[in-house]
Amino acid sequence: MTRRGEDGPLTRTAAGSSTTRESPLPTGEEKTARVRAMFDTIAPRYDLMNRLMTFGLDQSWRKGTVTALALPAGSLVLDLACGTGDLTRLAQREGHRVVGTDLSAGMLAANGTPAPLVEADGSQLPFADGTFDGMVCGYALRNFTDLAATMAECARVLRPGGRLAVLEVDAPTSRLWRAGFDLWFTKAVPMLGSVISDTEAYRYLPRSVAYLPAAPTLRAMLRHAGFSAVGIRPLAGGLSQLIVATRAGEPVP
Ligand SMILES: C[S@@+](CC[C@H](N)C(=O)[O-])C[C@H]1O[C@@H](n2cnc3c(N)ncnc32)[C@H](O)[C@@H]1O
């Protein structure tokens, strides 16, 4: 079995309990190009697939992500890798002023929110230092090509004391829960994807979990990037995880 973050012909399944023989996961510029093309392709059916895949649970996790920012209404919030805008919409409902940014023009075209949208790679954000009070990011960590550079950019564009809340997939710890999760994500979801959207993209989804560093590494990377008070908490027995952190440094009054 390979560990998270390793690429190779034997790739960890969604929950890491078994292996399948697959082509290596892409890295570097090839990964960026493939991820962009994949999201451009699946954008029109992305929201429907999300609701079906998570039985609608993702909406309550997303609400929890916005709440975890613990910022007053009127705060300026960046939705990093905003996609079709689920987190943007919820943050706007909380009274925040939101800017969305994403790598995929297709996802931005399918974004139905009134927020200003900027096409950009998360590792090279076109915003000045300390621009934002908060940042949310949903289900995108494993898609970033250079996670360390992206975290450094997050820290740079947040003001000292600014808050980061990241929602990401996880792997359940209970053996039974994990078996069901594996079956759903490696068998049922690609089948659903082939009917509703794109087979290859929804085969890639469970495989892409292999890019995610384990919690201790994520914590260390965030601290190294300039965050403090890093907390990581599993949701629904590990179906997803919520990562919160504060931009280190004295808040500007
Ligand atoms: C699984 S979708 C999540 C979309 C949205 N945040 C949500 O919660 O539904 C992942 C998003 O990350 C974006 N993405 C992938 N790599 C990126 C990068 N390097 N920089 C910015 N966005 C990226 C994709 O285009 C896609 O919209």
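Take any residue in the sequence shown, note its place counting from 1, add 85, and you have its number in the numbering used here. Built from N, CA and C at the ideal position, the CB exists for glycine as well. These numbers were taken from a predicted model, which means no experiment stands behind them.
(request) Taking only the alpha-carbon atoms, compute the straight-line gap between Leu-226 and Ala-250 and give it to the nearest angstrom. (result) The residue given as residue 226 occupies position 141 in the sequence shown. The residue given as residue 250 occupies position 165 in the sequence shown. Near 12 angstroms, if we compare the C-alpha coordinates of Ala-250 and Leu-226.
(message) Under 5 angstroms, CB to any heavy atom of ligand 1. Which residues pass, going along the chain?
(response) Val-120, Phe-124, Ala-166, Gly-168, Asp-171, Asp-187, Leu-188, Ser-189, Met-192, Asp-206, Gly-207, Gly-223, Tyr-224, Ala-225, Asn-228, Phe-229
(message) Quick check: Thr-173 and Ala-200, are their CB atoms within less than 8 angstroms of each other?
(response) Start at 1 with the first residue of the sequence shown, and residue 173 comes out as number 88. Start at 1 with the first residue of the sequence shown, and residue 200 comes out as number 115. Yes, the pair counts as a contact, with Cβ atoms nearer than the cut-off.
(request) Give the secondary structure of Thr-231 by DSSP, where H, G and I count as helix, E and B as strand, and everything else as coil. (result) Walking along the sequence shown from the start, residue 231 turns up at place 146. The residue asked about is misnamed: residue 231 is Asp in this sequence, not Thr. DSSP places Asp-231 in coil when its eight states are reduced to three.
(request) Output yes or no for whether 8 angstroms exceeds the beta carbon distance between Phe-270 and Pro-291. (result) Numbered from its first residue, the sequence shown carries residue 270 at position 185. Numbered from its first residue, the sequence shown carries residue 291 at position 206. Result yes, Cβ atoms of Phe-270 and Pro-291 sit closer than 8 angstroms.
(request) Quick one: residues in its chain with C-beta nearer than 6 angstroms to the C-beta of Glu-91, no 5 flanking neighbours on either side, listed in chain order? (result) Locating residue 91 in the sequence shown gives position 6, where the first residue counts as 1. Confidence at Glu-91 is low in this model, with a pLDDT of 30, below 50, so the placement of that residue should be treated as unreliable; the coordinate-derived value is given next. For Glu-91, where only same-chain residues beyond five positions count, there are no Cβ hits under 6 angstroms.
(request) Just the C-alpha distance for Arg-140 and Ala-305, rounded to the nearest angstrom, thanks. (result) As a first step, residue 140 must be located in the sequence shown, where it is residue number 55. As a first step, residue 305 must be located in the sequence shown, where it is residue number 220. This sequence places Phe at residue 140; Arg is not what is there. Their backbone Cα atoms lie some 33 angstroms apart in a straight line.
(message) Quick check on the burial criterion: 16 or more other C-beta atoms within 10 angstroms. Buried or exposed for Met-123?
(response) In the sequence shown, the residue the question calls residue 123 occupies position 38. With 16 or more other Cβ atoms within 10 Å, it is buried.
(request) Spatial neighbours of Thr-235 within its chain, please: CB distance less than 7 angstroms, with the 5 preceding and 5 following residues excluded, ordered by chain position. (result) Reading the sequence shown from its first residue, position 150 is the one you call residue 235. The answer, listed in chain order, is Gly-207, Ser-208, Phe-229.
(message) I'd like the span of the beta strand (DSSP E) that includes Asp-218, first residue to last.
(response) As a working note, residue 218 is residue 133 in the sequence shown. Asp-218 -> beta strand (DSSP E) spans 217 to 223.
(message) Quick test of the definition: if touching needs 3 or more C-beta pairs under 8 angstroms, does the stretch 169 to 185 touch the stretch 141 to 160?
(response) yes
(request) List the endpoints of the continuous alpha helix (DSSP H) containing Val-120. (result) Position 35 of the sequence shown, counting from 1, holds the residue named residue 120. First-last of the alpha helix (DSSP H) with Val-120: 113 to 127.
(request) For Leu-133, count neighbouring Cβ atoms within 10 angstroms of its own Cβ and tell me buried if that reaches 16, exposed if not. (result) Here the question's residue 133 lines up with position 48 in the sequence shown. That one is exposed.
(request) Give a yes or no on whether the C-beta atoms belonging to Ser-160 and Gly-219 are separated by under 8 angstroms. (result) Translated into positions along the sequence shown, residue 160 becomes position 75. Translated into positions along the sequence shown, residue 219 becomes position 134. Yes, Cβ-Cβ distance for Ser-160 and Gly-219 is below 8 angstroms.
(request) Measure the C-alpha to C-alpha separation of Ile-317 and Arg-121 and round it to an integer number of angstroms. (result) What you label residue 317 is simply residue 232 of the sequence shown in a count that begins at 1. What you label residue 121 is simply residue 36 of the sequence shown in a count that begins at 1. Their Cα atoms are separated by approximately 28 angstroms.
(request) Classify Gly-168 as buried or exposed, calling it buried when 16 or more other Cβ atoms lie within 10 Å of its own Cβ. (result) As a first step, residue 168 must be located in the sequence shown, where it is residue number 83. Label assigned to Gly-168: buried.
(message) With H, G and I counted as helix, E and B as strand and the rest as coil, what does DSSP make of Asp-164?
(response) Start at 1 with the first residue of the sequence shown, and residue 164 comes out as number 79. Correct three-state label for Asp-164: strand.
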